[in-house]
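When the letters of the sequence shown are read in order and numbered with the working numbering, they come out as residues -7 to 533.
Heads up, the beta-carbon is just placed ideally off N, CA and C, and yes, glycines get one too.
As the structure is a computational prediction, the values presented were derived from the model and not from experiment.
Everything below concerns the one structure shown next.
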Amino acid sequence: MVGILDIIGPVMVGPSSSHTAGAARLGSIARALLGSEPREASITLYGSFAKTYRGHGTDRAVAAGILGMRPDDPRLRDSLELAREQGVPITFETSSEDAGHPNSVRMRLRGRDNAEVDVRGCSVGGGQVLVTSIDGMAVRISGTRRAFVVKHRDAPGLIAAVTDVLADCGANICDFSLSREARGGVAVMTIEVEGDVDERAEERIRRLRDVVSCTSLAPVGDERDRGYAPVEVPDLSGIDAHVSAAALSSFVDEAERSAKPLSSVILAQQAEVGDDSAQAILEQMGERLEVMSEAVERGCAEGLRSTSGFTGGDARRMRDAVREGGRATGGLVGNVAYRALAVSELNASMGRIVAAPTAGSCGIIPAVILTLRDELGCSRDACVRGLVTAGGIGMLIQRNATLAGAEGGCQAETGAAAAMAAAAMVELLGGSAQASSDAASMAIQALLGLVCDPVAGLVEVPCVNRNATGAMVAVTCAEMALAGIPAKIRFDDAVEAMRCVGSTMPPSLRETGEGGLAVTASGMSMAREFHSGCSSCGMCG
């Protein structure tokens, strides 16, 4: 199950969580399944990946993963050149075949020991991935937990033997799939586990009769090996941590029953169902807050430009205008706007940001929470708890709708981020759990139906400015909820409406760059300018 650390994350190099971070993670999994240093790779892109991969850096990201880089590695932007320098030819082609998910890829790798692997997978939004096929056999690997991929001969009793080894090694099996060519033929079982697993499990499984190979895949999360500053854990006593994660109303009801903030209920539930303690979750959220803060500063740097040159410098202009005074709004509004622009412009320049919940919407939550910290004096610990609240809202949107623009349009990215930020702002300013729910619902309603129409396939126009306007929606909805204005449509119903609306959007309005602003005269002119000078992959004219 996707948790709040997956929603407020990953820490990554821009510009797109699904098309860049997710693609890098898929490349990393393919490399691990190969089991040796890659010698060459052939990549086929489908759907939205095929339509926008140059502008979204998908080609560079897949290559980076194959070369062993993490999503936040600054070398990602130069991965194609690095592959050539290392003598690893990586070829790309696109296909119009329906691969089942709009962000799909097939990766065929050959290793220096002549080992080969053929991996299919998809990026499902917010940097989360799903591997669906290995060497033509169906599998299910989410990458969020340790997984064991066991290729074997289809023989009676082998499944029990493998699971017995895992149980003996301390693993708690939480997902299992089996695919076979024919009865008695070659089969593949994939097993995702929780808990601390004895490092000898992989070798013990490999020695079992009828096992051909066993590969242990570590989770693809990118922050587990870092140190974190301490964060005070709130009092979680009296909270029923077994609250249903299917609906926000369950969390709100428990917050009201226990007389605790919404963030505390979310934190208790996440600590109960996941591998991390409440302390560990808060410390990792604190690290993400620091990355967000750094992104604002770097996004205002003089001379910052995106990889295309179309965006950059607007955050600095907005910040300077606010500081000089005389703006019609100024104050809170202007400060929220410049921070949203800063993080989004840094993302467009392939800088280091936090996908929250996606890279395309990465400026909204930092803009709101950091402005409350810097302008209204909210404490660091309170801001970290605000991220927990935001993560809980995003987790429910992901569970019941989608966070991927390629599936649900920009309402799934900007709309989700605005809802998350609005709920967090309400809690930071002392509002109730119900008021947070109302603010989140109103934000979704305000942005329902927003299309994803990236000009030239870039996460720049209109994405950067939409981060600023999305943050304004969040602030407005939070203010209304704090004033006691209820949402007439419940949050859970609004999310269901988002899912239905997204499913009826034509593909041209779901991150393909084939509709909306992307096909206006000015948008198409920008696309021609970008593609005429593109040299990132060697495929442009």
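So who's on the other strand from residue i, going by DSSP bridges?
i	result
Gly494	Paired residue(s): none; Gly494 is not in a bridge.
Arg100	Ser34 and Asp110
Arg502	Cys444
Cys206	Val142
Arg344	Val5
Val178	Arg145
Val185	Arg138 and Ile165
Asn95	Gly39
Thr83	Ser34
Val123	Gly113 and Ile133
Ser514	DSSP output for Ser514 lists no bridge partner at all.
Arg172	Ala179
Examine chain B for any beta-carbon lying closer than 8 Å to the beta-carbon of residue i, and answer yes or no.
i	result
Ala247	Here chain B cannot be found, since the structure has a single protein chain.
Please state whether the Cβ-Cβ distance between residue i and residue j is less than 8 Å.
i	j	result
Val121	Met181	no
Cys4	Pro94	As written in the sequence, residue 4 is Met, which differs from the Cys given in the question. For Met4 and Pro94, no; Cβs fall outside 8 Å.
Gly401	Lys43	no
Asp(-2)	Gly118	yes
Arg138	Thr124	no
Ser428	Leu254	yes
Ile231	Ser250	yes
Arg31	Arg102	yes
Ala13	Ala351	yes
Asp110	Gly128	yes
Ser88	Ser10	no
Ser171	Arg104	no
Gly605	Met490	Beyond the ends of the chain as shown, which are -7 and 533, falls residue 605; an answer cannot be given.
Ala431	Cys469	yes
Arg280	Gly1	yes
Cys534	Glu191	Absent from the structure is residue 534, since the part of the chain shown begins at -7 and ends at 533.
Val614	Glu264	Outside the displayed range of the chain (-7 to 533) lies residue 614, so it cannot be described from this structure.
Val447	Leu509	yes
Leu388	Glu337	no
Leu72	Ala53	no
Ile82	Ala33	yes
Ala460	Ala332	yes
Ser96	Val131	no
Asp65	Ala55	no
Val346	Glu275	no
Ala398	Arg502	yes
Asp70	Leu150	no
Val154	Ile197	yes
Ala75	Thr50	no
Val314	Gly305	no
For the putative contact between residue i and residue j, defined by C-beta atoms under 8 Å, what is the C-beta separation to the nearest angstrom?
i	j	result
Val493	Leu440	6 Å
Ala329	Gly291	That pair is no contact at about 12 Å.
Ile58	Arg17	Contact doesn't hold; Cβ gap of about 11 Å is too wide.
Cys166	Val189	With a Cβ gap of about 12 Å, Cys166 and Val189 do not count as contacting.
Val225	Gln271	5 Å
Leu228	Val380	That belief does not hold up - the Cβ atoms of Leu228 and Val380 are roughly 12 Å apart, past 8 Å.
Asp445	Gly507	6 Å
Val244	Ala425	5 Å
Gly187	Leu450	That pair is no contact at about 42 Å.
Phe302	Met518	6 Å
Ile21	Leu158	With 8 Å as the limit, Ile21 and Leu158 do not qualify as a contact, their Cβ atoms being about 20 Å apart.
Gln262	Ile(-4)	6 Å
Ser555	Glu452	The structure shown has nothing for residue 555, since the chain only spans -7 to 533.
Would the stretch 374 to 392 count as touching the stretch 223 to 241 if we require 3 or more Cβ pairs under 8 Å? yes
At a cut of 8 Å, does the stretch 141 to 159 reach the stretch 409 to 420 through at least three beta carbon pairs? no
Ignoring anything shorter than 4 residues or poking outside the stretch 140 to 169, list the alpha helix (DSSP H) runs there in chain order. 150 to 160
Residue ranges of each alpha helix (DSSP H) run of no fewer than 4 residues wholly in the stretch 225 to 293, ordered along the chain? 240 to 250, 254 to 265 and 270 to 291
Could you say if the stretch 464 to 475 and the stretch 399 to 414 meet the contact criterion of at least three C-beta pairs nearer than 8 Å? yes
Could you tell me which whole alpha helix (DSSP H) segments of length 4 or greater appear in the stretch 388 to 450? 397 to 400, 406 to 420 and 425 to 439
For the structure I just gave you, are there three or more beta carbon pairs, one from the stretch 342 to 357 and one from the stretch 283 to 295, closer than 8 Å? yes
Does the stretch 87 to 107 come close enough to the stretch 29 to 43 to have 3 or more Cβ pairs within less than 8 Å? yes
Take every Cβ of the stretch 362 to 378, pair it with every Cβ of the stretch 337 to 353, and state whether three or more of those distances are shorter than 8 Å. no
Threshold first: 3 residues or longer. Then list the beta strand (DSSP E) segments lying entirely within the stretch 342 to 387, N to C. 344 to 346
Taking one C-beta from the stretch 497 to 514 and one from the stretch 476 to 487 each time, how about it: are there three or more such pairs within less than 8 Å? no
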